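See structure below.
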Amino acid sequence: MLRLEHLRVSVTTDCNVRCWYCFNEGQKKEKLDMSSVDDFRWFISKMLNRYDIGIVRFTGGEPLLNPQLTTFINIAKEHGAKSIGLTTNGDLLPRYCTELNQISPLQCTVSLHQINTKKDCDIEYLEKCVSNAVEMMGKVKINVVVTQTNIDLVRQIVGYCLRNNISMFLIELNQSNSDCSKFSANFINHKDIIQILNQDFGIELMLRDNVFYIYENETMSIKVSDSAILYRTPIVISPMFSVSAYGHLGQRNFSIVDAINNKDAKSLFDVMDCAINYSCSSCEPICNRTPVGISLGNF
Ligand code: SF4
């Protein structure tokens, strides 16, 4: 059985926040097609049957904006998903926490975008966001995009998370969707972030799997990645949007949505096998073949 650590499922591109660095998500309003629930059922049952999937992670945009989210999660669980993840900006958690708390186990990651979007954001505000999320969801992980502008706040919130055993993932700013001057003014290299954390907290982050720098103890971890992580995430599937895989399978585009619409398992598995076996990125191929990737978009 082929192993796939993460299957990321984007259930909407809509978002209630407009982060200036957003990776093309959270920018569009798309209408959910009800038939996608059946399509998703077919898709996820095929995937879970054929691949050893570590975690099915629901994301967006902001996934809590999709009224079908818990239906999708329950379908994934019915078909044997071992672990369910949810990545949210946290704003809508108060509305859905009772419902979400029934889903077990659920790995909830809260992206602390307020640090980059709220004008008068300070450490008290951030600590409150994090502690509220922990109170509602039990255990959460925190994601934060690190910039020159927020690095001092990031240092403080890392200290808070270390003291409270809350795991964090610090993400280097990615250029691809930022305007150039804003990117240059804000970019801070992941190696500098690591050095700052080493100095501040005396923790040593070790390179793992050539992707992450990680510090961990028995209860929590601090992870730092370079921005190319976005391209290395092997699979992003949205049941509502056309998804194209391209690469050494040939020059033609493969639409996973076509495969799903036609209930064409062979095409689906061809694309998936290719992406899993050569899970290189569109910007950094790790094999001699044409880079393989699956991109989300309205092609
Ligand atoms: S919260 Fe996430 S999806 Fe929404 S705009 Fe920000 S980065 Fe994009």
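All the letters of the sequence shown, read from the start, carry residue numbers -4 to 294 under this note's numbering. Every residue, glycine too, gets a C-beta built ideally from N, C-alpha and C. Since the model is a prediction, treat every value here as computed from it, not as a measurement.
| message | Counting C-beta neighbours from all protein chains within 10 Å, is the total for G55 16 or more, i.e. buried, or is it exposed? | response | buried
| task | Would you list the residues sitting across from N102 in a DSSP beta bridge? | result | According to the sequence shown, residue 102 is Gln rather than Asn. Paired residue(s): G80.
| field | Coil, strand or helix - V12 by DSSP | value | coil
| request: Find the nearest neighbour of S220 within the set C92, N138 and L87, judged by alpha-carbon distance. | output: N138
| field | Top-ranked residue by Cα proximity to N212, from K258, W15 and R158 | value | R158
| So, L202 versus Y210, is the Cβ gap smaller than 9 Å? | no
| message | With a threshold of 7 Å on Cβ separation, who are the neighbours of T214 within its own chain once the five nearest residues in sequence on each side are excluded? | response | N160
| task | Express the C-alpha separation of A254 and N69 in angstroms, rounding to a whole number. | result | 23 Å
| task | Report the partner residues of R36 according to the DSSP bridge assignment. | result | DSSP output for R36 lists no bridge partner at all.
| query | Do three or more CB pairs link the stretch 74 to 83 to the stretch 114 to 121 at distances below 8 Å? | reply | no
| message | Quick check: does the Cβ of R36 come within less than 8 Å of any heavy atom belonging to ligand 1? | response | no
| query | What are the boundary residues of the beta strand (DSSP E) that K218 is part of? | reply | S216 to S220
| Check: Y210 C-beta below 8 Å from any heavy atom of ligand 1 | no
| task | Would you mind reading off the limits of the beta strand (DSSP E) that contains F164? | result | S162 to E167
| message | Quick check on the DSSP output: what are the complete alpha helix (DSSP H) runs of length 4 or more inside the stretch 106 to 131, in order along the chain? | response | 109 to 112
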